[in-house]
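Worksheet: the structure to be examined is printed underneath.
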Amino acid sequence: MCGKIKPDTHRALYCRKLDLEQFSVDVVVNLLKTAHKYNIGQLEKFTTQFLSRQTTDWFTVNGALELYLFTMNVDNLHTLSGKLRTIMRANPQQLSSCFTFLSWMHKNPKAAAEFALMLLEPEPMNPLDSPNSSPRSPPYSPCTIYSFNFDPDSD
1 MCGKIKPDTH
11 RALYCRKLDL
21 EQFSVDVVVN
31 LLKTAHKYNI
41 GQLEKFTTQF
51 LSRQTTDWFT
61 VNGALELYLF
71 TMNVDNLHTL
81 SGKLRTIMRA
91 NPQQLSSCFT
101 FLSWMHKNPK
111 AAAEFALMLL
121 EPEPMNPLDS
131 PNSSPRSPPY
141 SPCTIYSFNF
151 DPDSD
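Final position of the sequence shown in the UniProt record's numbering is 155; the numbers increase by one with none missing.
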């Protein structure tokens, strides 16, 4: 962010009841970045949980890459990076033409090229995906309501 909070992010910050379903991936990513920047831990945790629960088709490739680059610099957000890599691996044509990737190629071509090569490598197999593993229930209810009461005066 350039020091200014974007209007949709500003609106989301000052809602008493925040329903992230109504916002685009770009607004939710900016909300997470803003929560992290201004150390609003409760909101950062809520947006991270929301993003973790979203299906891969909810993300845009540009939004996934922007979020991926952000998660690489924040220790407690590495859990999202696997999902984001999967999104980008599945959409190489979109990745090569998205704004964030082109901007990254201009600013740091070596890192962007290494990232593109990393996406070409096969993904490591998850031990839970093996045929001998037992099925697990999802960590959340399918009926989870994505709303959050944020009161800046509490704490």
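We treat Cβ as the ideally placed atom computed from N, Cα and C, and that holds for glycine.
Residue range of the unbroken alpha helix (DSSP H) whose run includes residue i
| i | result |
| --- | --- |
| I40 | Counting along the chain, I40 falls outside any alpha helix (DSSP H), and DSSP gives it neither H nor E. |
| F23 | Premise fails: F23 is in no alpha helix (DSSP H) and is neither H nor E. |
| P109 | P109 to L120 |
| F70 | V61 to T71 |
| Q54 | It is not in any alpha helix (DSSP H) - Q54 carries neither H nor E in the DSSP assignment. |
| T86 | S81 to A90 |
Whole-angstrom C-beta distance between residue j and residue i, which should lie under 8 Å
| i | j | result |
| --- | --- | --- |
| L32 | T48 | 7 Å |
| R85 | L119 | 7 Å |
| V28 | F50 | 7 Å |
| R89 | E44 | That pair is no contact at about 27 Å. |
| residue 158 | N91 | Given that the chain is displayed from residue 1 to residue 155, the structure contains no residue 158 and the question cannot be resolved. |
Cutoff 7 Å; reference residue i; Cβ partners in own chain excluding five residues on either side
| i | result |
| --- | --- |
| G82 | none |
| T79 | S52 |
| F101 | L65, L95 and A112 |
| H36 | E44 and V74 |
| Y140 | At Y140, the pLDDT of 40 sits below 50, so the modelled position is not reliable and the matter cannot be decided from this model. |
| D26 | G63 |
Own chain residues within Cβ distance below 8 Å of residue i, not counting five before or after
| i | result |
| --- | --- |
| N73 | none |
Exposure label - residue i; buried when at least 16 CB within 10 Å
| i | result |
| --- | --- |
| G63 | buried |
| H106 | exposed |
| F99 | exposed |
| L117 | exposed |
Sequence-distant residues of the same chain with beta carbon closer than 6 Å to residue i, five excluded per side
| i | result |
| --- | --- |
| I87 | T56, F59 and A64 |
| W104 | A112 |
| I40 | none |
- If we count Cβ pairs, one from each stretch, closer than 8 Å, do we get three or more for the segment 52-70 versus the segment 20-40? Touching, yes.
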